[in-house]
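Counting from 6, one number per residue, gives the positions in the sequence shown under my numbering.
Where a beta carbon is used, it is the ideal one built from N, C-alpha and C, also for glycine.
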Amino acid sequence: MSETEDRPVDGLIVEALEAARRGDTAEARLLAGDALRQDPENRDAAEIARLSDSSPAELRRLTIMFCDLVGSTAMSGRHDPGEYGRMLELYHRNCEDVIVANGGRVTRRVGDGVLALFGHPVSYGDDTRRAVRAARALVQRIGTLRTEVASEFDDVFAIRVSVHHGLVHLDLVESQVYGLAPNLAARLQEMAGPDEVVVSPQVAELIGELFTLHEHPPVQLRGLDAPIRYFTVQEELPETPRRGRTWTTPFVGRLDEQDRIRRFLDPGDAADRSLLVVRGEPGIGKSRLVHEAVSSAPRRPRRTLLSVCSAYERSGELRAIRPLLALDHSETNDPRARLRELRADLVTLGLEPTDHVPLLAPVLGLDPSTGYEPLARDLSRIRDLTTASVRAWFTAAAVDGGVLVQVDDLQWADDASREIIVGLATHPIDGVRVLATSRPDPSSDGRDQIETIDLLPLGATWSLELAAHVMPGIGRDALDHIIARANGVPLFLEELAAMGDVDEVPPEMRARLSETSAVPAVLYEPLLARLSRPSVDLRIAQVAATIGTTFDLDVLAASMGRPRSWVDPAIDAMAAEGIVGRSTPDSFRFRHALVRDMAYDLQTTEDRRETHRRVGTALRACVSDRQGATWTAIAEHFHNAGSARDAVDAYGHAAAQTRDLGAPAAARRLLTTALELIDDIPPSDQRRLLEVTIRLQRAFLSVTLAGNADPHARADYEACEELVREHAVGPELVDTLVSLWGHHTARGSLVRSDELLDEIRATGVCDDPAYDAQNHGAKGLVALLRGDYNAAACHFAAADAVRPEGVLSEAAPSRWQFPNDPIAVEEAFRGVLAWQLDDDEGSRRHLRDARHRAELLPFPHGPFSLCYVLHYSVWMDIERQDLDRARRSVDELVAIAARHGFDFWSVSAAMLSSTVDVRAEMSRPTPDMSALRAEHEVQHVQRSVITMIDSLAFLPFGLTQQAPLADLIEGPEAATALLDRAEAVAEQTGSRFYLAETHRTRAAVLRSVDPDLSRQSLERAVEVARRQGAIVFERRALSDLRAVVDDSSGA
């Protein structure tokens, strides 16, 4: 869409007025800014722009000239004010004449200082050269005034001039600039001698081949942090003649690289590796090489699957895999239609839709409401099953002719996608070849199995041929100049050659990039020339760039508040100019990241935030309509917009989405980002509730990964408790108290755990029989850990009495409260209690029921709770001396913990594994002492780890179990120290469930050392077990005590 033809200034003014009348000042400001870009003097546009709190503005790199009259202070003292005023008037008039004649504009006068801009409001494409020419011409003009000044004022004029090129904030209404650049220009002129022109390094880089310059050592200028170099301008060099242009872009060179790719693609060639990565810097020609080699390959896989990765979608799980799950490019945004296509593709490939749709549909962003049943079992292995399903897709696609998986910009792939793609190299699939492009060294994963081609800059011969093809007829000197500037990068060569000597860029489009832009200096003018052409609507390009490298037309139109009919012609015009290319029927992609970066960076910070807000709003509407947008992308747009409330909400949704893909660590990072934004939301009850919700969710994920005693979870729980205590009402109080209960129970703070259960009951939530039953069950769990087995039995009976029928099988766990399902955990504890009450059959039944419950639950509740059940099952098997069964359960616990990254359960499993191994070895007639010494060292480390992670509830059991080995390896003193610590931890935490066994084990250690103390320990064991109602422990202690009495009698 042409801004000068299709959107004339008058039309923009009318639209801006309409927007202002309906109260949309942001839209009015943007439209007025568009008008001011074309007509900086338009008063109507300026008045509309002033309706908002800030004037429309842009970030630009402009060339700034500063001129100062030498000795002006002394001069003002030699003349009366009237005469001095006439002298300054003569000086300023001549300055302005010279500056205007060279295409600049005086924007500020401060006494005898003159600040002028080159590149606004009109840019000629060589504005930096014009500024330096103007500076030199100004020195000459002031020199010609010396005779006049001497005769009329009896004085002498001399000036100092500086030129700098840098980033400014340009007010489009007032044509004023702000920032470091104008200040640097003013300071830099102080380094010039009388009638000298000095320039900054930034200017020298742009005009170094147009003028002879003398470089000076770095100097410290007032107000700057670091010294800078500067240059004195001496002479201007002859110009290069202008030439005509053509945009033909042939492919040159890279012959060996093409041959390597063709051989790799040949299905009949026995390639050593199945993944080939073409690596190189942006613009080096990676994608072009792959396109040429693939299109000209005489033999290649029959089917091609293509994915283009984006830096703006890398935080979404498996985003790079999504485009590969289609045999043809889908032309629909309707999720149900997309699901039908997935099913049809699976049938075509010979795969069973029932097995694969529940795994692949979530990767495509399709939730079960679109028409499929989620997996009813084994969801704890989502990640593994999804990876297997994707590999099955590739395997089936490779049947009958092979498949080429083509991935562009692999460096931007998310971790999960890269794991699958690199996995095709480390674990190849017959008939599957992966050809990828990437920036250098994206990952070291699987490097030995990956074949690489590293693209270097084109040599002089190929550079010369490419430039000559692009611009036939240009002189050799001009070609040499272009080749030197392009440094062998094909993209740079194409742009520079196509622009000739870059001496004309349409008005007001001069170098408007941020200081951190990735765009190389030599490409400022050529690339901006494309964006500044009359057929290109800059604002649409900016919004599209904000959406990302690839953008959907409906999202673009919604972001601009316009219909598709308004957007489509503008995008077609951008496509005609080579700025974008069609990706699907309804989406386009910037042809190079540098062009996208440039369009994005042309926005001011304020405009950029507003654009991100509009894009986030448009994408959120797409999610509401189930059109495939990701919450992660939405969150990042609102984050960049400074819309903290919307961003936090979106990050919460993104965390849930990511968690359900089996990536709790990534979900936790998203919630951390959300919490960092909480302080940007004004204080209110809603903000407090939001913070509590996010912290509970993050603590949930911390517990999932590292257990309830994880210090990160602890910090979040404590913060939640403080927040809800201030306003102790509402469901968030119950959620917080329940989560705190799980946290304190795992730490072994059992007194506090009991108090929390009372506080939960005091909220009234236990008026619901189901919650009442859970509260009694939790009371039973705490009572058991405290060693009060009788009280535990009473609480479990009370739970049975109030629990509604069917709750055990039907109740679903909270998605975010904590991952150990209360019903499964209660059943496991009932199993422990039944064993202690001498009901071994009942114990096994409860543990089976607990396992069955855990196996029915999705991730993370299912596998986390199963770890809990296995932990207590191993304990029971150790007590029964069924070490083979204990070993099998430990191995299963290790596998589950490793598969899901449950660090806490990995530590627990290691401790139990060592206990089982030591028990087994010590039961042999002749134990292997070297193996036992090694286990003793391992157990020492384990004790440190358990203490470090502050998970003390089960520590007395572990210390007691380790004491016999310490006695064997180090002697009774070491064993007694462990038992002393076990008792101290039990007293500290209230976790006395194993106290009777600790006393009994102490008696065994002391039997040969101090028989009296040994007998006293056994008596204490009997007394504690009887008081606790621990039937099995009491029977063991009594048996040992009788043996001691019998031995004494015999003696």
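- Looking at the DSSP output, Ser-312 bridges to Val-412.
- Between the alpha carbons of Leu-676 and Ser-707 lies a distance of about 11 Å.
- Annotated three-state conformation of Ala-33 is helix, per DSSP.
- The beta-carbon distance between Ala-788 and Ala-797, rounded to whole angstroms, is 4 Å. This is short enough to meet the 8 Å contact definition.
- In the DSSP assignment, Arg-345 falls within the alpha helix (DSSP H) that extends over 340–354.
- Per DSSP, reduced to three states, the secondary structure at Asp-73 is strand.
- At a Cβ-Cβ threshold of 7 Å, Leu-344 and Gly-376 count as neighbours.
- In the structure shown, the three-state DSSP call for Asp-15 is helix.
- Distance from the Cα of Met-565 is smallest, within the candidate group His-474, Asp-612, Val-202, for Asp-612.
- In the three-state reduction of the DSSP assignment, Phe-158 falls in the helix class, which pools H, G and I.
- Ranked by how close their Cα comes to the Cα of Ala-833, the residues Pro-863, Met-80, Asn-795, Val-879 have Val-879 in first place.
- Linking Asn-780 to Ala-859 through their CA atoms gives a straight-line distance of about 20 Å.
- In chain order, Leu-323, Ile-326, Arg-327, Leu-330, Thr-391 place their CB closer than 7 Å to the CB of Val-368, counting only its own chain and leaving out the 5 sequence neighbours on each side.
- Arg-594 carries a strand assignment under DSSP once its states are collapsed to helix, strand and coil.
- His-84 carries a coil assignment under DSSP once its states are collapsed to helix, strand and coil.
- Following the DSSP letters along the chain, one finds Gln-145 inside the alpha helix (DSSP H) bounded by residues 132–149.
- For the 7 Å CB-CB criterion, Ala-652 and Thr-637 do not form a contact.
- Within 10 angstroms of the beta-carbon of Gln-145 lie fewer than 16 other beta-carbons, which makes it exposed.
- Counting C-beta pairs closer than 8 Å gives three or more between the stretch 917–926 and the stretch 890–905, which meets the contact rule.
- Taking every protein chain shown into account, the CB of Gly-198 has fewer than 16 other CB atoms within 10 angstroms, so this residue is exposed.
- Between Leu-1023 and Ala-1001, the C-beta spacing is not below 7 Å.
- No residue range can be given for Phe-907, since it is assigned to no beta strand (DSSP E) and is classified by DSSP as neither H nor E.
- About 7 Å separates the Cβ atoms of Leu-280 and Ala-441, confirming a contact at the 8 Å cut-off.
- Take Asp-160, set aside five residues on each side of it, and the residues of its chain with a beta-carbon closer than 8 Å to its own are Met-80, Arg-83, His-84, Met-92, Val-154, in chain order.
- DSSP places Arg-227 in the coil class of the three-state scheme, outside both helix and strand.
- Shortest Cα-Cα distance from Thr-133 to any of Asp-1051, Val-238, Cys-100 involves Val-238.
- One Cα belongs to Gly-171, the other to Ala-190, and the distance between them is close to 9 Å.
- The three-state reading of DSSP puts His-125 in coil, since its state is none of H, G, I, E or B.
- Thr-1006 sits away from Thr-981, with the two beta carbons spaced by 7 Å or more.
- Secondary structure at Thr-589: strand, using DSSP grouped into helix, strand and coil.
- If the five residues before and after Ala-839 are omitted, its C-beta is found closer than 7 Å to the C-beta atoms of Gly-847, Ser-848, His-851, all from its own chain and listed in chain order.
- For Asp-176, the enclosing beta strand (DSSP E) has its first and last residue at 164–176.
- Under DSSP, Ser-443 shares a beta bridge with Arg-284.
- In the DSSP assignment, Asp-985 falls within the alpha helix (DSSP H) that extends over 977–994.
- For Glu-378, there is no enclosing alpha helix (DSSP H), as DSSP gives it neither H nor E.
- Per DSSP, reduced to three states, the secondary structure at Arg-1041 is helical.
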